[in-house]
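Counting in the numbering used here, the sequence shown runs from 1 upward without gaps.
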Amino acid sequence: MKHHPALITAALFCATFTAGVAEYILSGQLDLVARGLGVSEATTGQLVTVFSLAYGLMTPALVVMTARVERRLLISAALLVFAAANLMSWLSPTLLTITALRVVMAASTGLIVVTALSVVVRLVAPKRRARAVATVMMGVTASLVLGVPAGRVVAQHWDWKTTFPLNAALAVFVAGIVWMALPRTAPHAPVPLRRQLALLASARTILGLTVTFLWLGGYAALNTYFTPYLVSVVGLDGDAVSLVLLLFGLASIVGIQAGGFLTDRVGTHRTLTVTKAFHVLVLIALPVLGVATGSAVGAVLLWGIAAWEVLPRSRSAWPRWPPMPPTC
C-alpha cells in the first residue's frame, strides 16, 4: 500500500488536534466544572496545572522508554490509552480520580505530539518537510480555535462531562486513521536521557528554554482562568463566552502569522523585543479595560494576538540552538 505524504500529514494533524483538545478544553469550561464537582474554580484549575506538569515531566522519560516501539503502533496505542482515560474520567465521581486520569492523558498526549513531529520529519521529503511540520503543529492551534469553544457549547447545553466520551470517540477514530495512513516506521536506537539532558549545558539552549518557559508560563497563568474572567469580570454568559473563545482562537492564528511575517521582515531579535513589550502592555491594560464589555473583549483579542506572536520567532531561532539527538 502506497502511503501518500499528504495523507500522512493529515493523519498526524488529526492526532495532534485530538491531543490539543485534551490540553485546552477544560480551560473553556472551568466554571462549569467547578459547579459540577462542587469545588472552587481555583481548585478546579489544578486539573490544568497537573496536566501541564505531567506533560512536561513525563514526556522526556516516556520518549526514551518507548524509543524501540514501532512509530505507527506507538501513536495508535497512545491514542487508545488517551481514549480509555477519557472514558474513565466520564465515569469518575470525584476530583481526585479525574486528576489522576489527567496525568494519564498528559502522558499519552506528550507521546502523541512528540512522536507525530518526529515521524513527519522522517516520512516527508525535505522540500515539503517544513510545511508538513507546520501543518502537524497547526493541529494543536486548531484545537484551541475549534475544540475549546465547541467544548463550552457541549458543556453548557448538556453536561461538562459529556466532553469526555466525545474525546474518547474522536481518539479511537483518529487511531484508526493513523493506523491506515502511516506505514510501519522503525524506531531509531534509543538515546539515553542523560545525553538529552546534556543539552542543558548550552547557554543558547537555556536561553531558548527560558524564553519559552516565561512565555508559556505567563500565557497559561491567565488562560487557565480565562473563562471565569470572562464570566465574573467581563460579565459575559451563555453563547457569548463560546463566541469570545472562538474569536480568541482565531486571534491566536493571526498572531502566529503576524509573528512569522515580522520575523522574515525585520529579524528575530528585533521582533521579539518589540512584540514582547506589546504583550506586556496588553496584559497591563486588561484589568483597566475589563470594566466595559466591549473594551474587555477587544483587549482579550489583542492578548491572543500578542501571546502567540512569539511562536514562529522561537521556532526560527531553533536552528541556531544545538540540535536535539533523534529519539524515535
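We treat Cβ as the ideally placed atom computed from N, Cα and C, and that holds for glycine. All of these numbers come straight from a predicted model, not from anything done at the bench.
Cutoff 7 angstroms; reference residue i; Cβ partners in own chain excluding five residues on either side
i, result
"residue 323", "Low local confidence applies: a pLDDT of 43 at residue 323 is under 50, so the model's placement there is unreliable, with the coordinate-based value given in what follows. Same-chain partners within the cutoff: there are none."
"residue 52", "220"
"residue 301", "247, 248 and 251"
"residue 109", "19, 22, 23, 55 and 82"
"residue 179", "72 and 76"
"residue 200", "206"
"residue 129", "121"
"residue 304", "248, 251, 252 and 255"
"residue 11", "177, 178, 181 and 182"
"residue 138", "13"
"residue 26", "33, 47 and 48"
"residue 153", "242"
"residue 237", "231"
"residue 103", "50 and 54"
"residue 278", "306"
Own chain partners of residue i with C-beta closer than 8 angstroms, once the 5 adjacent residues on each side are dropped
i, result
"residue 41", "30, 31, 34, 225 and 228"
"residue 159", "36"
"residue 145", "246, 249, 250, 252 and 253"
"residue 5", "123, 124, 125, 128 and 132"
"residue 164", "86, 87, 89 and 90"
"residue 45", "30, 224 and 225"
Same chain only: Cβ atoms within 6 angstroms of residue i, ignoring 5 sequence neighbours per side
i, result
"residue 92", "98"
"residue 309", "255, 258, 259 and 275"
"residue 142", "17"
"residue 58", "107"
"residue 101", "85, 88 and 89"
"residue 156", "none"
"residue 285", "299"
Closest by C-alpha distance to residue i, when choosing among the options
i, options, result
"residue 77", "173, 36 and 214", "173"
"residue 136", "7, 240, 170 and 102", "7"
"residue 232", "183, 287 and 127", "287"
"residue 184", "100, 151 and 70", "70"
"residue 133", "114, 143 and 149", "114"
"residue 292", "307, 230, 282 and 146", "230"
"residue 187", "66, 15 and 151", "66"
"residue 61", "45, 106 and 14", "106"
"residue 50", "95, 145, 168 and 284", "95"
"residue 244", "295, 140 and 161", "295"
"residue 223", "112, 148 and 127", "148"
"residue 289", "241, 239, 235 and 272", "235"
"residue 140", "117, 240 and 202", "117"
"residue 211", "63, 58, 307 and 64", "307"
"residue 175", "4, 15, 5 and 9", "15"
"residue 215", "265, 155, 198 and 283", "283"
"residue 161", "103, 169, 171 and 86", "86"
"residue 218", "239, 285 and 280", "280"
"residue 84", "169, 278, 38 and 271", "169"
"residue 119", "9, 299 and 43", "9"
"residue 151", "240, 171 and 28", "28"
"residue 297", "277, 266 and 240", "240"
"residue 167", "79, 265 and 285", "79"
"residue 171", "68, 209 and 112", "112"
Boundaries of the alpha helix (DSSP H) in which residue i is found, first to last residue
i, result
"residue 47", "46-65"
"residue 231", "Note, residue 231: premise wrong, no alpha helix (DSSP H); not H, not E."
"residue 303", "293-308"
"residue 4", "Where residue 4 is concerned, there is no enclosing alpha helix (DSSP H), given that its DSSP letter is neither H nor E."
"residue 93", "First-last for residue 93: undefined, no H or E at that position."
"residue 31", "30-37"
"residue 281", "268-289"
"residue 163", "163-181"
"residue 149", "148-157"
"residue 203", "203-223"
Distance cut-off 6 angstroms: residue i Cβ against heavy atoms of the ligand NAD
i, result
"residue 302", "Summarising the ligand content, the structure contains no ligands, and the ligand NAD is consequently not present."
Query raised in the report: Which full runs of the alpha helix (DSSP H) of 4+ residues lie inside the stretch 65-144, going along the chain?
Result: 71-91, 95-123 and 126-142
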